[in-house]
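**Q** Have a look at the structure that comes next, please.
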Amino acid sequence: MTVIILIAAPEGLRGHLTRWMVEVNAGVFVGTPSRRIRDRLWDLLATRIGDGQAVLVEPAGNEQGWTVRTAGKDRWKPVDFDGLILSARSRR
1 MTVIILIAAP EGLRGHLTRW MVEVNAGVFV GTPSRRIRDR LWDLLATRIG
51 DGQAVLVEPA GNEQGWTVRT AGKDRWKPVD FDGLILSARS RR
């Protein structure tokens, strides 16, 4: 399963995602797209997110069973801490 969260996204991105995933709450999309589709969606989101934020949680072959990608301004960044993925925020 894949989860995408959009915050302050430009117009059109949410509509584009509904072609491949279900919007279960405002800005929260869930689905099971193939890896190829997921990568293409992420490329689109990462280039068009602008001042917003995007988070993608996807299946992975690690101990947690998932990994995360982030894009946009003022975002949390995934950090590998001894095999455990944690989120860190940059100091200003």
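Residue numbers (the numbering used here): 1 to 92.
For every residue, glycine included, the Cβ atom is placed at its ideal position computed from N, Cα and C.
If you follow the beta strand (DSSP E) that Arg89 is part of, which residue opens it and which one closes it?
**A** 84–89 is the extent of the beta strand (DSSP E) around Arg89.
**Q** Under the DSSP definition of a beta bridge, which residues are partnered with Ala54?
**A** Answer by DSSP bridge pairing, in chain order: Leu6, Ala71.
**Q** Are the beta-carbon atoms belonging to Phe29 and Val3 less than 8 angstroms from one another?
**A** Yes.
**Q** Would you mind stating whether Ile85 and Gln64 have Cβ atoms separated by less than 8 angstroms?
**A** Contact flag set, yes.
**Q** CB Met1 to CB Thr32, shorter than 8 angstroms?
**A** Yes, the Cβ-Cβ distance between Met1 and Thr32 is below 8 angstroms.
**Q** Between Val79 and Ser87, what straight-line distance do the alpha-carbon atoms span, to the nearest angstrom?
**A** Near 6 angstroms, if we compare the C-alpha coordinates of Ser87 and Val79.
**Q** For Trp42, which three-state DSSP category applies?
**A** Looking at Trp42 - three-state DSSP - the assignment turns out to be helix.
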